[in-house]
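Before any comments, here is the structure.
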Amino acid sequence: MAVNLGDKPLASFSEPIEMLKDCHRRIEHFLDVLRKVERSFVRSELDDHGRRALEAALDYFANFAPRHTADEEQSLFPRMRGSDDAESCAIMADLDVLESDHRRCETFHSLIDRVVRSWLETGRLDDVQRKSLQTALDELTTIYTTHIQHEEQRIFAVASRILEPGQIRELGEEMRRRRSLTSLGDATEPSLEQDVL
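Going from the sequence shown to my numbering is simple: count from 1 and add 1.
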């Protein structure tokens, strides 16, 4: 299954808010990949296609999704907190909740990573592992659904209105640096056209 956003091209660093939305589409996609693979191999041993899909999802959540969290917590949210605009002041508590969501997601991602890496080693999940994986995926889906909707409909909309053009440029540059100063070297985030399942 390829990820795509229809005919919409991916945003560039000059459109950092749109880039954050594109990251949300990747998060949703790779979470869906994990769910689909889990359902596809209930009674059978993991095959090469399933293995590649799981590896792609784990790689995304381990190496690329943390940049998105940093984009928000280290670049976007501080600029919003530094604004004295009435709209920004009205959502300060929301930013704290979103950061708390990030910590909850990290806990579930850690559990999923351990279970799926064991699955990749053995080719099978036992009943306890499968239930643990299903529960974690259900929890993540619930958190992300509300979290992403709130960010896109409220937080990003307010940010687009209150941040000055210079702040938007700085946000984009920080996001660019965050992606170039990585242990992955020149690795780029998975294309939304990449076939992973």
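Yeah, the Cβ is synthetic: ideal placement off N, Cα and C, and Gly gets one too.
Here the structure is a predicted model, which is why all the values come from computation and not from measurement.
DSSP three-state assignment for V43, whether helix, strand or coil: The count along the sequence shown starts at 1 and reaches residue 43 at position 42. Coil.
Closer than 8 angstroms to chain B by CB, D48: This model lacks chain B altogether, as it is built from one protein chain only.
Could you tell me how far apart the beta carbons of E100 and E74 are, in whole angstroms, since I believe they sit closer than 8 angstroms? Mapped onto the sequence shown, residue 100 falls at position 99. Mapped onto the sequence shown, residue 74 falls at position 73. That pair is a contact at about 6 angstroms.
Residue of F157, L32 and R52 minimising C-alpha distance to D72: By one-based count along the sequence shown, residue 72 stands at place 71. Residue F157 holds the alpha-carbon nearest to the alpha-carbon of D72 among F157, L32 and R52.
Could you round the C-beta distance between E39 and Q135 to whole angstroms and report it? I think they count as a contact, below 8 angstroms. Translated into positions along the sequence shown, residue 39 becomes position 38. Translated into positions along the sequence shown, residue 135 becomes position 134. With 8 angstroms as the limit, E39 and Q135 qualify as a contact, their Cβ atoms being about 7 angstroms apart.
Near L164, which residues of its chain fall below 8 angstroms by C-beta distance, leaving aside the five closest residues on each side in sequence? In the sequence shown, residue 164 corresponds to position 163, counting from 1. Around L164: R80, M81, S84 and L172.
Rounded to the nearest angstrom, what separates A91 and D49 at their Cα positions? Here residue 91 is taken as the residue at index 90 of the sequence shown, counted from 1. Here residue 49 is taken as the residue at index 48 of the sequence shown, counted from 1. Roughly 50 angstroms separates the two Cα atoms.
For I109, does the three-state DSSP call read helix, strand or coil? Residue mapping note: residue 109 aligns to position 108 of the sequence shown, counting from 1. The sequence shown places Phe at residue 109, not Ile. Three-state DSSP puts F109 in a helix.
Who are the near neighbours of Q168 in its chain, counting only those whose CB is closer than 7 angstroms to its CB and skipping five residues on each side? For the purposes of this step, residue 168 is taken as the residue at position 167 of the sequence shown. Result list for Q168: R80, in chain order.
Note down the Cα distance separating R180 from P67, rounded to an integer number of angstroms. Residue mapping note: residue 180 aligns to position 179 of the sequence shown, counting from 1. Residue mapping note: residue 67 aligns to position 66 of the sequence shown, counting from 1. Taking C-alpha positions only, R180 is separated from P67 by approximately 11 angstroms.
Could you tell me the distance, in whole angstroms, from the CA atom of L11 to the CA atom of L121? In the sequence shown, counting from the first residue as 1, residue 11 sits at position 10. In the sequence shown, counting from the first residue as 1, residue 121 sits at position 120. C-alpha separation (whole angstroms): 31 angstroms.
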